[in-house]
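Step one of this worksheet: look at the structure below.
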Amino acid sequence: AQSVTQLDSHVSVSEGTPVLLRCNYSSSYSPSLFWYVQHPNKGLQLLLKYTSAATLVKGINGFEAEFKKSETSFHLTKPSAHMSDAAEYFCVVSVRLNTGFQKLVFGTGTRLLVSP
Amino acid sequence: GAVVSQHPSWVICKSGTSVKIECRSLDFQATTMFWYRQFPKQSLMLMATSNEGSKATYEQGVEKDKFLINHASLTLSTLTVTSAHPEDSSFYICSAPINPQRGGSYNEQFFGPGTRLTVL
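Those protein sequence lines, which keep their order, are chains A and B. Residue 59 in the numbering used here sits at position 57 of the first sequence; the count goes up by one each step and never skips. Residue 211 in the numbering used here sits at position 113 of the second sequence; the count goes up by one each step and never skips.
Encoded structure:
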C-alpha cells in the first residue's frame, strides 16, 4: 500500500535560515509524490510534484524537494525561510485508480513555525 | 489555474438534520472528484471518489448511507451528511483533476477552499 510518513509534527526556524521538512514514503511501484501547503483559512496549494522525471524538483516560492529512491525519502527544503512560509505542510503520495485518475494519500502534516 | 469552489464555506446545524455541501469545478469539466475530511489539527483523509454518472467509491470505514455523494453533472458533486451528529463536525474538502483529454493530468488535483461543518 502507498503511504507517507512525515517525521516531524512541528518544525521551528528563524527567518532567513534554511528549512527542512522530512518525508519518507512507502510504495509498491514508482510513486508520484507531492508537497502541499495549507495556510490558515485557505485552501490547499500545490508546492511541487515528482512524477519520475528529474529527481530534484523545484516548486513555487523557492521550495524544492529531492526524490531519493535508496532512502525512500522526499524531503522538502528551502534555503531561507520567510515569515509567510509559516503554515501546515503535507507530503502526499498518489494511488492509481482503475480509471487512470489517482487518489491522494496525505501524511500527517508538519507545522512550520517561523520566528523573526 | 483551474478553480474549484465549495458552498457553503461554513454551516452550523442541529444534531439529526442533514446538510448538503456542493463542490463545483468552475472553469473545467471533472468526471472525477474527491471528498476529504479534516479534523482539527489533523491530516486530510479521503472519504470517497465521486464519479460522474455512476456510484461513488467509498474508502474503508466510511458509511455510504451516511455520506451520500451525487455527481450528477460534469461540474458538480454534492456531499450530503445525513442525520448529522456532533462527531461529524469537521472540515470537508473536495478536489478535482482536469481530464487528460482536455489538457489535464491524472495526478494533479485542484482543491476547493473547504466547508466547515459544526453540528450542535
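Every residue gets a Cβ at the ideal spot worked out from N, C-alpha and C, and that includes glycine. Just so we're clear, the structure is a prediction, and the values are computed from it rather than from any experiment.
No Cβ-Cβ contact shorter than 9 angstroms links residue 157 of chain B with residue 130 of chain B. Interface residue (Cβ-Cβ distance to chain A less than 9 angstroms): residue 210 of chain B is classified as such.
When the alpha-carbon of residue 155 of chain B is set against those of A/101, A/110, A/4 and A/42, the nearest one is in A/101. Remark: three or more beta-carbon pairs, one from each stretch, lie closer than 8 angstroms, so the segment 76–95 of chain A and the segment 11–27 of chain A are flagged as touching.
As the crow flies, the alpha-carbon of residue 142 of chain B is around 8 angstroms from that of residue 110 of chain A. Annotation for residue 28 of chain A: 5 place their beta carbon closer than 6 angstroms to its own, counting only its chain and skipping 5 residues before and after. Note: residue 134 of chain B is bridge-paired with B/144 and B/191 in the DSSP secondary-structure output. With the criterion set as a beta carbon lying under 8 angstroms from some beta carbon of chain A, the members of the segment 184–210 of chain B are 191, 193, 195, 198, 204, 205, 206, 207, 209 and 210, in sequence order. Residue state for residue 63 of chain A is assigned as helix, using DSSP reduced to three classes. Shortest Cα-Cα distance from residue 36 of chain A to any of A/15, A/99, A/118 and A/58 involves A/58. A Cβ-Cβ separation of about 10 angstroms leaves residue 133 of chain B out of contact with residue 213 of chain B under the 8 angstroms criterion. Assignment of residue 123 of chain B by DSSP, reduced to helix, strand and coil, places it in the strand class. By DSSP's assignment, residue 13 of chain A forms a beta bridge with A/114.
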